[in-house]
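Participant:
2 protein chains.
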Amino acid sequence: MAVPVQPFAGPAEDAPVGRALARRSGALGEIGALSRETLGERVTGELRALLVAGRLAPGEKLSLRRVAEALGVSMMPVREAVSRLAADGALEVLPNRAVRVPVLTLAGFRELTRLRLVIEGFAAEEAATTASAEQIERIAGFEAAFGRAANAEPPDTAAGVAANRDLHFALYEAAGMPSLVEMIERLWLKAGPILNLDMRHEPGRLRGGSAVQAHAALLAALRRRDAPAARAALENDIRSAAAHIESAGGLAE
Amino acid sequence: MAVPVQPFAGPAEDAPVGRALARRSGALGEIGALSRETLGERVTGELRALLVAGRLAPGEKLSLRRVAEALGVSMMPVREAVSRLAADGALEVLPNRAVRVPVLTLAGFRELTRLRLVIEGFAAEEAATTASAEQIERIAGFEAAFGRAANAEPPDTAAGVAANRDLHFALYEAAGMPSLVEMIERLWLKAGPILNLDMRHEPGRLRGGSAVQAHAALLAALRRRDAPAARAALENDIRSAAAHIESAGGLAE
DNA sequence: CCAACCTAACTGTGATCACAGATCACGACA
DNA sequence: TGTCGTGATCTGTGATCACAGTTAGGTTGG
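Chains as they are written, first to last, in our numbering: chain A, 366 to 618; chain B, 366 to 618.
(1) Indicate the three-state DSSP secondary structure (helix, strand or coil) for T403/B in the structure shown.
(2) Strictly below 8 Å CB to CB, what residues from chain B border E476/A?
(3) Pull out every residue of the region 402-429 of chain B whose Cβ sits closer than 9 Å to any Cβ of chain A, in chain order.
(4) Quick one: is A451/A near chain B, going by C-beta distance under 9 Å?
(5) In angstroms with no decimal places, state the Cα-to-Cα distance between A509/A and I549/A.
(6) Please go through the same chain and pick out, in chain order, the residues whose beta-carbon is closer than 7 Å to the beta-carbon of A608/B, but skip the five residues on each side of it.
(7) Cα separation between T403/B and A489/A?
(8) Sort A498/A, N601/A and D591/A by Cα distance to S575/A and report the nearest one.
(9) Could you give the C-beta distance for L421/B and V483/B, rounded to a whole number, given that I count them as a contact under 8 Å?
(10) At which residues does the alpha helix (DSSP H) containing S448/A begin and terminate?
(11) In or out: E411/A buried (at least 16 other Cβ within 10 Å) or exposed?
(12) Pairing CB atoms from the region 577-585 of chain B with CB atoms from the region 509-528 of chain B, are three or more of them under 8 Å?
(13) Who pairs with E457/A in a beta bridge, going by DSSP?
(14) Helix, strand or coil for L436/B? Go by DSSP, reduced to three states.
(15) Tell me whether the beta-carbon of V464/A lies closer than 9 Å to the beta-carbon of S428/A.
(16) Which same chain residues, not among the five before or five after V458/A, have their C-beta less than 6 Å away from its C-beta?
(17) Assuming R481/A and L536/A form a contact by the criterion Cβ under 8 Å, report the distance between their Cβ atoms to the nearest whole angstrom.
(18) Using a beta-carbon distance below 9 Å, is G397/B in contact with chain A?
(19) Just tell me which of S439/B, N461/B, V417/B and G424/B has its CA closest to the CA of A523/B.
(20) Give the interface partners of V483/B over in chain A, defined as CB-CB distance under 8 Å, in chain order.
(21) Give the DSSP-derived three-state secondary structure of L427/A in the structure shown.
(22) Using beta carbons (cut-off 9 Å, strictly below), is G454/B in contact with chain A?
(23) Flag L480/B as yes if its beta-carbon sits less than 9 Å from any beta-carbon of chain A, otherwise no.
(24) The alpha helix (DSSP H) that contains R530/B, what's its start and end?
(25) What number of angstroms, rounded off, separates the C-alpha of G405/A from the C-alpha of E499/A?
(26) Use the C-beta contact count for P543/A: other C-beta atoms within 10 angstroms, 16 or more gives buried, fewer gives exposed.
(27) Would you mind reading off the limits of the alpha helix (DSSP H) that contains L421/B?
(28) Run through chain A and tell me which residues come within less than 9 Å of S605/B, C-beta to C-beta.
(29) What residues of chain A sit near E445/B, judged by a beta carbon separation below 7 Å?
(30) Between E445/A and the rest of its own chain, which residues show a CB-CB distance below 6 Å, the 5 nearest in sequence each way excluded?
(31) On a CA-only basis, which of R401/B, P423/B and V408/B is nearest N561/B? Give me that one, please.
(32) Using CA coordinates, which residue listed in P442/A, T495/A and F487/A is at the minimum distance from R588/A?
(33) Is I396/A buried or exposed, if buried means 16 or more other CB atoms sit within 10 Å of its CB?
(34) Taking 6 Å as the limit between beta carbons, can you name the residues of its chain near R604/A, skipping five residues before and five after?
(35) Suppose contacts are defined by Cβ-Cβ distances below 9 Å. Is A606/A in contact with A598/A by that definition?
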């Protein structure tokens, strides 16, 4: 199975720890709330990150005990994490009760793509009309980062994946609809493995080219507050990425 | 807390047990696969049913031990069920780590309604173009059942809720997109508590009236294969229900 | 009479153990 | 040589226990 995970690599505190608690007397105002993250939640986050980054290949089987050992925790938190991820389709429990990363069929991938067009397209429209100037600049920052990663020699795929994700979700969050962002996250979690597994193998040049173009059009539309154009640009981005994945093969059935 | 649940009331076998295994020699062709449902899955289904039926009020706190005792199982399967339901927002774990049914704010309800319009509207369009004649007749059957429940004296709210759910999901399944149905189920799970809690208190006449009308228009559109009309009818249904909920109050903040 | 404390019951979380089912490899029989 | 039975090993599932944190209720001190 080979889970390439250190026991909680990276800073465990991703939550805003130093959140200001308004005025307090003495030094009490300076201490932040302790991190009250459950072990199960940390394991969930760890597995989720591995999934969207494409580090876990579709069809790969997971063993609760192995994951638990790799992460240095008991089996219990892993069970909870797997339950959650299986609940929203990021993992899959076979009738044999074995746990694995779902393999996407061609039909399933196309369905997912259509849903992404509908939902993320709606989010783009919404964001175009409601985004603040700061939010648009934030998106522009990620677009620049993506361009740098794509045009580097050789292309920096890891940075590109990260910038692409940040850009898209900055856009979706600008729509101001938390449940919508949640839904899109679920879609990405399902599509993540093939999407980024592919980008990892590929130089990413092709995708980079059309993606850079689509991102530029998206940003221009946002600045013009042009909702239909924003939707069209995002749809182009999704469609070109999907076409590339399909042509690259790697989908079952 | 008062969980009004019998230990697994109703038939546990909702899965197609007698699925034919094609030709087999002797009597082996007649035996079906045994039901291999996990306790955790059964508890999940039980809680899910309580939620969509509005039997668990928003804000109500759940205790793992109490639920476990009420269902006659250990705490373990309940933990798994709550993990899953909390993962897709059907339940909520407070920072105190207490578990409760989420209370929907007015803003949250409106966001949910907008998402329903986008997603279920898309499903209706899709179903209008791809539904088979049998599927349309199936929907018609539920529409008739809904009409009977709504026009009965007094209105049979329980049957109405069930027929309404069956009708909608028969429509969504006719679109032939499993992930789409899954997404809509999640939306209903979130909106279910207020939606049906309200219908339980209310005679349901008002809602019944406009709903019957919308359902009839929907069915006519399906028979004409008129996708935009189907979408419009469904949107009317959702909008009128939402307006009724909002006017009835019961939403936080 | 009100506030503060303090205890007791209860909460979810995590670990550990027990168990049935699945999987795979090896070996025996046809 | 091919196939079936058999064993060990590993799987997820469920139960039980231990523990820290919260909450509610009663009591004490002001």
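Ideal Cβ positions, reconstructed from N, Cα and C, are used throughout, including at glycine.
Facilitator: The structure says:
(1) Per DSSP, reduced to three states, the secondary structure at T403/B is coil, with no helix or strand assignment.
(2) In chain order: M542, P543, S544 and L545.
(3) T403, G405 and T409
(4) yes
(5) 23 Å
(6) none
(7) 41 Å
(8) N601/A
(9) The Cβ separation is near 27 Å, so there is no contact.
(10) M440 to A452
(11) buried
(12) yes
(13) R465/A
(14) helix
(15) yes
(16) A451 and V464
(17) No, R481/A and L536/A are not in contact; Cβ-Cβ is about 13 Å, not under 8 Å.
(18) Legend: pLDDT at G397/B = 49, less than 50; position of this residue unreliable, value from coordinates given subsequently. Not closer than 9 Å to any Cβ of chain A, the Cβ of G397/B fails to qualify, so no.
(19) V417/B
(20) Against chain A, a Cβ distance below 8 Å from V483/B picks out V483, I484 and F487.
(21) Looking at L427/A - three-state DSSP - the assignment turns out to be strand.
(22) yes
(23) yes
(24) T522 to A539
(25) 35 Å
(26) exposed
(27) Per DSSP, L421/B belongs to no alpha helix (DSSP H) and is neither H nor E.
(28) By Cβ distance, chain A contributes nothing, its closest Cβ being about 21 Å from S605/B, past 9 Å.
(29) S448
(30) G405.
(31) Checking every option, the nearest Cα to that of N561/B belongs to P423/B.
(32) T495/A
(33) For I396/A, the predicted model reports a pLDDT of 40, less than 50, meaning its position is unreliable and no value from the coordinates is stated.
(34) none
(35) Contact flag unset, no.
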